[in-house]
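S.K.: Everything in the sequence shown is counted per the numbering used here, starting at 2 for the first residue and increasing by one.
Even for Gly, the Cβ is constructed at its ideal location relative to N, Cα and C.
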Amino acid sequence: MIILLQHNYETVGVLADWQIRSRCEGDSPMVEPFVLDLLNPASLDVILGPYIMVEDPSNFDLVRVDISEHTEDNPWLLDPGEFILAETRETFNMPDNLCAIFALKSSRARAGYEHANAGFADPGWAGSKLTLEIKNNRRYHPLPIFEGLKIGQLVFHWMDETPVLNYPNQRGGAHYMNHQTVMPDIAVSRSA
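(1) So, are the CB atoms of Tyr52 and Asp67 less than 9 Å apart?
(2) Roughly how far, in whole angstroms, is the beta-carbon of Glu33 from the beta-carbon of Thr89, given that I think they are within contact range, below 8 Å?
(3) With the cut-off set at 9 Å, would you say Arg109 and Lys151 are in Cβ contact?
(4) By alpha-carbon positions, which one of Asp161, Phe61 and Phe157 ends up nearest to Ile21?
(5) Considering only residues of the same chain and omitting the five flanking positions on each side of Trp19, which have a CB-CB separation below 6 Å?
(6) If we ignore side chains and look at the alpha-carbon of each, how far apart do Phe61 and Ser23 end up?
(7) What are the start and end residues of each continuous beta strand (DSSP E) run of 3 or more residues lying completely inside the segment 31 to 90, in chain order?
(8) Closest by CA to Ser44, which one among Leu79, Phe84 and Leu105?
(9) Quick one: any contact between the segment 117 to 127 and the segment 137 to 152, if contact means 3 or more CB pairs under 8 Å?
(10) Using the Cα positions of Glu246 and Leu63, report the straight-line distance between them to the nearest angstrom.
(11) Just the C-alpha distance for Thr163 and Pro143, rounded to the nearest angstrom, thanks.
(12) Are the CB atoms of Leu40 and Ala101 nearer to each other than 9 Å?
(13) Would you list the one or two residues that DSSP bridges to His158?
(14) Would you mind sorting Leu137 into buried or exposed? The rule is 16 or more other CB atoms within 10 Å of its CB.
(15) Does Ser23 come out as helix, strand or coil in the three-state DSSP assignment?
(16) Between which two residues does the beta strand (DSSP E) holding Ser29 run?
(17) Report the option in Cys25, Asp28 and Gly50 whose CA atom is closest to the CA atom of Glu70.
(18) When we look at the beta-carbon of Val47 and count the other beta-carbons within 10 Å, is it buried (16 or more) or exposed?
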């Protein structure tokens, strides 16, 4: 049970559907494009965009793959145990008093998809698509990947106070700000 507290005339806690909608419509949308059919009572569904990154057996780096030609009837196949990075179709512009957590759709988890639980949108994170870390947990069968696949949902949290340092101003820098496509790890040195 979620208990909502009143503070400075704003509600603290998880945003309801009407609160998400009001922040996604208008002059400075929190999520673009906003599709009303993807709105849930306390979250917003997100779908896969046109690019993924896959492991290259010949070197350490991941390789960008365009999946825009793949459909539900002709998907790109994620093999058992295989790991990819994928992007959301949606671009996020988080206000300074909100953060969001990505959760895999339960129907995707039941099919065998796994997400690495790294999907967090800090206050002030903007101009970026969310990069998702996805793995096939099935033992024998591949899973379909295609642009437009409803993969997960974002749960938005209204913070009690605005942070002193938002994402662009945090110590160590904002490594994944204003990225319009799936991004590999850019914060780790590969000199090991």
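M.R.: Taking the coordinates as given:
(1) Within the sequence shown, the letter at position 51 stands for residue 52. Within the sequence shown, the letter at position 66 stands for residue 67. Taking the C-beta atoms as reference points, Asp67 is found nearer than 9 Å to Tyr52.
(2) Translated into the one-based positions of the sequence shown, residue 33 becomes position 32. Translated into the one-based positions of the sequence shown, residue 89 becomes position 88. In this structure Glu33 is not in contact with Thr89, their Cβ atoms being roughly 11 Å apart against a cut-off of 8 Å.
(3) Position 108 of the sequence shown, counted from the start, is the residue given in the question as residue 109. Position 150 of the sequence shown, counted from the start, is the residue given in the question as residue 151. For Arg109 and Lys151, yes; Cβs fall inside 9 Å.
(4) Residue numbering aside, residue 21 sits at position 20 when the sequence shown is read from its first letter. Selection Asp161, Phe61 and Phe157 evaluated against Ile21 yields Phe157 as nearest (Cα-Cα).
(5) Position 18 of the sequence shown, counted from the first residue, corresponds to residue 19. The beta carbon of Trp19 lies closer than 6 Å to none in the same chain, with the five residues before and after it left out.
(6) Working through the sequence shown from its first residue, we reach residue 61 at position 60. Working through the sequence shown from its first residue, we reach residue 23 at position 22. Take the alpha-carbon of Phe61 and the one of Ser23: they are about 43 Å apart.
(7) Runs of the beta strand (DSSP E) spanning 3 or more residues and lying entirely within the segment 31 to 90 occur at 45 to 56, 63 to 67 and 77 to 79, in chain order.
(8) For the purposes of this step, residue 44 is taken as residue 43 along the sequence shown, with counting starting at 1. Selection Leu79, Phe84 and Leu105 evaluated against Ser44 yields Leu105 as nearest (Cα-Cα).
(9) Contact between the segment 117 to 127 and the segment 137 to 152 is absent, because fewer than three Cβ pairs lie under 8 Å.
(10) Residue 246 falls outside the range modelled here, since the chain spans only 2 to 193, and no answer is possible.
(11) Position 162 of the sequence shown, counting from 1, holds the residue named residue 163. Position 142 of the sequence shown, counting from 1, holds the residue named residue 143. Each residue's Cα considered, the two are about 44 Å apart.
(12) Mapped onto the sequence shown, residue 40 falls at position 39. Mapped onto the sequence shown, residue 101 falls at position 100. Between Leu40 and Ala101, the gap from beta carbon to beta carbon reaches 9 Å or more.
(13) Numbered from its first residue, the sequence shown carries residue 158 at position 157. DSSP lists Val15 and Cys100 as partners of His158.
(14) As a first step, residue 137 must be located in the sequence shown, where it is residue number 136. Residue identity check: residue 137 is Asn in the sequence provided, not Leu. Buried: at least 16 other Cβ atoms inside 10 Å.
(15) Here residue 23 corresponds to residue number 22 of the sequence shown, with the count starting at 1. The answer is helix: DSSP assigns Ser23 an H, G or I state.
(16) Here residue 29 is taken as the residue at index 28 of the sequence shown, counted from 1. According to the DSSP assignment, Ser29 belongs to no beta strand (DSSP E), since it is labelled neither H nor E.
(17) Position 69 of the sequence shown, counted from the first residue, corresponds to residue 70. Residue nearest to Glu70 within the set Cys25, Asp28 and Gly50 is Gly50 (criterion: CA-CA distance).
(18) For the purposes of this step, residue 47 is taken as the residue at position 46 of the sequence shown. Here Val47 is buried, its C-beta having at least 16 other C-beta atoms within 10 Å.
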